[in-house]
Structure formats: C-alpha cells, structure tokens
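Asks:
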Amino acid sequence: MDTRDALLHRVTRATPDAFTHGQNQEDILLGLSELYGPAVAEEVRGLVPALVGPGSFNYRVVDMLKLCDVAALTAERQTGCPYAEVLEQLAGFSIRRFLESPLGKGMWMMVSRDMHEILKWSLASIRSAMTHGQRRYEQLGPGAARIVFQGELLGPAWTRGIFVSGAQRLARQPLSVSVENQLEPGLDFVLRFTW
4 MDTRDALLHR
14 VTRATPDAFT
24 HGQNQEDILL
34 GLSELYGPAV
44 AEEVRGLVPA
54 LVGPGSFNYR
64 VVDMLKLCDV
74 AALTAERQTG
84 CPYAEVLEQL
94 AGFSIRRFLE
104 SPLGKGMWMM
114 VSRDMHEILK
124 WSLASIRSAM
134 THGQRRYEQL
144 GPGAARIVFQ
154 GELLGPAWTR
164 GIFVSGAQRL
174 ARQPLSVSVE
184 NQLEPGLDFV
194 LRFTW
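Taking my numbering, the leading residue of the sequence shown gets 4, the next gets one more, and so forth.
Below you can see the structure in the form of structure tokens.
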C-alpha cells in the first residue's frame, strides 16, 4: 500500500506552499506515545528536534512527511508494526482526536449519519485543512462510493487511516476501505468504500 521509498519521493514533490493543519505534529507524537509507548515518541522527538517545535496553525507538509517517516521507522523497529500500518494508525489517532475536540464535535453535529453524507463532508473538511491535491467523490450505489485522489502528498496509508477511523466513528457502522489504482509514489490513487 505505502512504502518508505514512496513517502520519501513524495517529500521531494512537496512544494513550499503545501501546508496542513499544525495539530498533526502534536497528534503524531501523542499517537506514537499512546499506540507504541512513550519511549518511541521520545526517541522520535530526539531524532528530529527541528521538526518538533511549538504548535502552530499551519505545518509544512514536507515537515509532516519527514516526521511521519521517522515515526514509522522508529515504531517499526521498536515494535515490529509495519511501516504503512504505523502511518495508517497515526492518521486514525489524529482524526479520532480531532473528532473528540470541541471544533470536531461542533463541525460534525449537523451532519447526518448517512455514510455518503459523511464521506462528502469529510472531503470538505480535508480541503479546509490541506493546501495541496485534488479529490473527487463518486457515489457508486446505496452502499458504495469512491474518492479519487490526485497529487495527495500524504499518500494512501495516511489517507486510508483518516477515512477508516473517521467515517466509521461518525456513521457507527462497519466500513470497508480499499486502495485501488495506485500510481507510484502514492500521489494518485482511489479509495473504494463499501458498507
């Protein structure tokens, strides 16, 4: 699904004007601590002190990708959890944390629990938090949809983690999410949803 080589290639493709929400930096470190133990988070913090600073509203995507790389490598080495799975789990942690925040609760309070509506609103939320990439939602039937991603610097593992954890939590129903039509280095791909 996603590899270190692909992520490092996406680092080279990230432009200086590609930003994400600054909360992601803190979420990655908290996620490492909660999911893999405080020792993993402290090691990562020590390995990349320049990428770990005081929180800000915006965080450069290139710095987030570098932090994700070190986080996934360290967690994989210390726990045996595969690199792509670490990325997916950290993304899931990040979205769950957002959904538990006052902003997340307020934003999603008015959205129905229909999976199609949740997925459409998720795209709107991503657009407000990211300054890169293009995304298109396609309804395939009453229990199926897909989202086409182009130029998605965060890649398929992180993106799948966001949607699996976020949409399942909001809809309160099982959701299957597969990655299809992935072109290396994971900038262009499709997430297919069934429920």
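Every residue gets a Cβ at the ideal spot worked out from N, C-alpha and C, and that includes glycine.
As the structure is a computational prediction, the values presented were derived from the model and not from experiment.
#1: Take the Cβ of G169 as the centre, count every other Cβ of all protein chains shown within 10 Å, and call the residue buried at 16 or more, exposed below.
#2: Mind checking which residues open and close the beta strand (DSSP E) that includes D191?
#3: What three-state label does DSSP hand L54 in the structure shown?
#4: In chain order, what residues of the same chain lie with their CB nearer than 6 Å to the CB of Q28, ignoring the 5 residues before and after it?
#5: Using a C-beta cutoff of 8 Å, does C84 count as contacting chain C?
#6: For L157 and I98, what's the separation of their Cα atoms in angstroms?
#7: If you run the structure through DSSP and keep just helix, strand and coil, what is L157?
#8: Between which residues of its own chain and I121 is the CB-CB distance below 7 Å, once the five residues before and five after are set aside?
#9: Could you pull out every residue in the same chain whose Cβ sits closer than 6 Å to the Cβ of L32, ignoring the five residues on either side in sequence?
#10: Please name the residue, chosen from T6, A17, L11, D5, that lies closest to G154 on a Cα-to-Cα basis.
#11: Hey, how far is the Cα of H24 from the Cα of P145?
Replies: To lay it out plainly:
#1: Here residue 169 refers to the residue found at position 166 when the sequence shown is read from its first residue. Under this definition G169 is a buried residue.
#2: Position 188 of the sequence shown, counted from the first residue, corresponds to residue 191. Counting along the chain, the beta strand (DSSP E) containing D191 begins and ends at 191-197.
#3: Against the sequence shown, residue 54 aligns to sequence position 51. Note: L54 maps to helix in three-state DSSP.
#4: Position 25 of the sequence shown, counted from the start, is the residue given in the question as residue 28. If we look at Q28 and ignore the five residues flanking it on each side, its Cβ neighbours are Y62.
#5: As a matter of chain content, chain C is missing from the structure shown, which is built from one protein chain.
#6: Residue mapping note: residue 157 aligns to position 154 of the sequence shown, counting from 1. Residue mapping note: residue 98 aligns to position 95 of the sequence shown, counting from 1. Using only the alpha carbons, I get a separation of about 14 Å.
#7: Against the sequence shown, residue 157 aligns to sequence position 154. Here L157 sits in coil by DSSP.
#8: Counting from 1 along the sequence shown, the entry for residue 121 is found at position 118. Within the same chain, Cβ atoms closer than 7 Å to the Cβ of I121 are found at V114, A170, L173, A174, the five residues on either side in sequence being excluded.
#9: Locating residue 32 in the sequence shown gives position 29, counting from the first residue. Closer than 6 Å at the Cβ level, and outside the excluded window around L32, lie A44.
#10: Counting from 1 along the sequence shown, the entry for residue 154 is found at position 151. Here the closest residue by C-alpha is A17.
#11: As a working note, residue 24 is residue 21 in the sequence shown. As a working note, residue 145 is residue 142 in the sequence shown. The straight-line gap from Cα to Cα measures roughly 32 Å.
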